[in-house]
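Participant: Position in the sequence shown counted from 1, then plus 177, gives you this note's numbering.
Here a beta-carbon is modelled for each residue, glycine too, at the ideal position from N, C-alpha and C.
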Amino acid sequence: MRRRIMAANWKMYKNAKQTATFFEQFNPLIDGVAHCEVVVFPVAVSIPTAVEATRETPIRIGAQNLFWAKEGAYTGEMSADMARDAGATWALVGHSERRQYFHETDTDVLKKTQAALSAGLTPIVCVGERPEEHKAGKTDEVLVRQFAVGIAGLTEEQFARIAIAYEPIWAIGTGNTATPEIASQAHKLIRSEAQKRFGREAVERLRILYGGSIKPDNIQGLMKEPEIDGALVGGASLDPQSFSKIVKAA
Ligand code: PEP
Numbered sequence: 178m179r180r181r182i183m184a185a186n187w188k189m190y191k192n193a194k195q196t197a198t199f200f201e202q203f204n205p206l207i208d209g210v211a212h213c214e215v216v217v218f219p220v221a222v223s224i225p226t227a228v229e230a231t232r233e234t235p236i237r238i239g240a241q242n243l244f245w246a247k248e249g250a251y252t253g254e255m256s257a258d259m260a261r262d263a264g265a266t267w268a269l270v271g272h273s274e275r276r277q278y279f280h281e282t283d284t285d286v287l288k289k290t291q292a293a294l295s296a297g298l299t300p301i302v303c304v305g306e307r308p309e310e311h312k313a314g315k316t317d318e319v320l321v322r323q324f325a326v327g328i329a330g331l332t333e334e335q336f337a338r339i340a341i342a343y344e345p346i347w348a349i350g351t352g353n354t355a356t357p358e359i360a361s362q363a364h365k366l367i368r369s370e371a372q373k374r375f376g377r378e379a380v381e382r383l384r385i386l387y388g389g390s391i392k393p394d395n396i397q398g399l400m401k402e403p404e405i406d407g408a409l410v411g412g413a414s415l416d417p418q419s420f421s422k423i424v425k426a427a
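#1: Are the CB atoms of Leu331 and Thr290 nearer to each other than 8 Å?
#2: Rounded to a whole number of angstroms, what is the C-alpha to C-alpha distance between Ile405 and Ile396?
#3: If you scan the stretch 304-341 from start to end, which runs of the alpha helix (DSSP H) of 4 or more residues do you find wholly inside it?
#4: Answer yes or no: do Gly389 and Ala329 have a C-beta to C-beta separation smaller than 8 Å?
#5: Please classify Gln277 as buried or exposed, where buried requires at least 16 neighbouring CB atoms within 10 angstroms.
#6: Could you say if the stretch 369-380 and the stretch 349-359 meet the contact criterion of at least three C-beta pairs nearer than 8 Å?
#7: Give the straight-line distance between the Cα atoms of Pro205 and Ala379, rounded to the nearest whole angstrom.
#8: On the DSSP bridge assignment, give the partners of Tyr343 in chain order.
#9: Can you determine whether any heavy atom of ligand 1 sits closer than 7 Å to the C-beta of Ser390, and answer yes or no?
#10: Report yes or no: do the stretch 199-215 and the stretch 244-253 share at least 3 C-beta pairs separated by less than 8 Å?
#11: Anyone know if the C-beta pair for Lys191 and Ser223 falls short of 8 Å?
#12: Measuring alpha carbon to alpha carbon, tell me which residue in Val217, Lys392, Pro345, Leu366 is nearest Gly305.
#13: Measure the alpha-carbon distance for Gly297 versus Arg261 and round it to whole angstroms.
#14: Does any heavy atom of ligand 1 sit closer than 7 Å to the C-beta of Lys188?
#15: Mind checking which residues open and close the beta strand (DSSP E) that includes Val216?
#16: So is the beta-carbon of Glu344 under 7 Å away from any non-hydrogen atom of ligand 1?
#17: What residue ranges within the stretch 194-264 form continuous beta strand (DSSP E) runs of no fewer than 3 residues, ordered along the chain?
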């Protein structure tokens, strides 16, 4: 059995004070929950506050983004080592909003994933098709390309330390969750690409999360799918009650 990962992507919401308040309310709600990993990705400046607020808990904190260089003249960027130094142990890589608004490519995704791994962070690498690609029936083609360029270049040892999130862009923040069947089919495709490159054993250990308009009332259907190894939750993770219900459904 793969241990599920329930992750919260807070995007550009919550300052440090709001981050502390969230955990004051959230920690008791998931007290005793041990069946899955819980990871929260706050904005970068709130990572130390989040780490402090979760010190006595199994909750782990991650960076939403990082740059691949170790240091240098890259105004506005943060290295993987710096994220680690701030207390992050996980990193999101290649989120669709990074790809869409900040023009991140699959090649960038590979470099960022390698940098995160070198710093000892666990990357969740995001893939998923755009609405027009979905409508044109190109989901498989897009996932194959994103895997080939953004992930297949990892070594076997590196691949063993990542998780993948399938996040169809038409489902993110739209209320249009993928059905469990659609999500499961995409996960199978990713798994089969991964098997071709990394072999059966590596793929049996690979955790693939689904993300896109997950809410407490649709999480159960998704979690029934054996192909779905967890959730990456945006909007519904901002509220402690709602995210705790999602975590408990894992
Ligand atoms: C996300 O940002 O990764 C996400 C899945 O957002 P939402 O849950 O709001 O669709």
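Facilitator: The answer reads as follows:
#1: yes
#2: 11 Å
#3: 308-312, 316-327, 333-336
#4: no
#5: exposed
#6: no
#7: Taking the CA atoms as reference points, Pro205 sits about 35 Å from Ala379.
#8: DSSP output for Tyr343 lists Val304, Tyr387 as bridge partner(s).
#9: Yes - ligand 1 has a heavy atom lying nearer than 7 Å to the Cβ of Ser390.
#10: no
#11: yes
#12: For Gly305, the nearest C-alpha among the options comes from Pro345.
#13: 8 Å
#14: yes
#15: 213-218
#16: yes
#17: 213-218, 237-240
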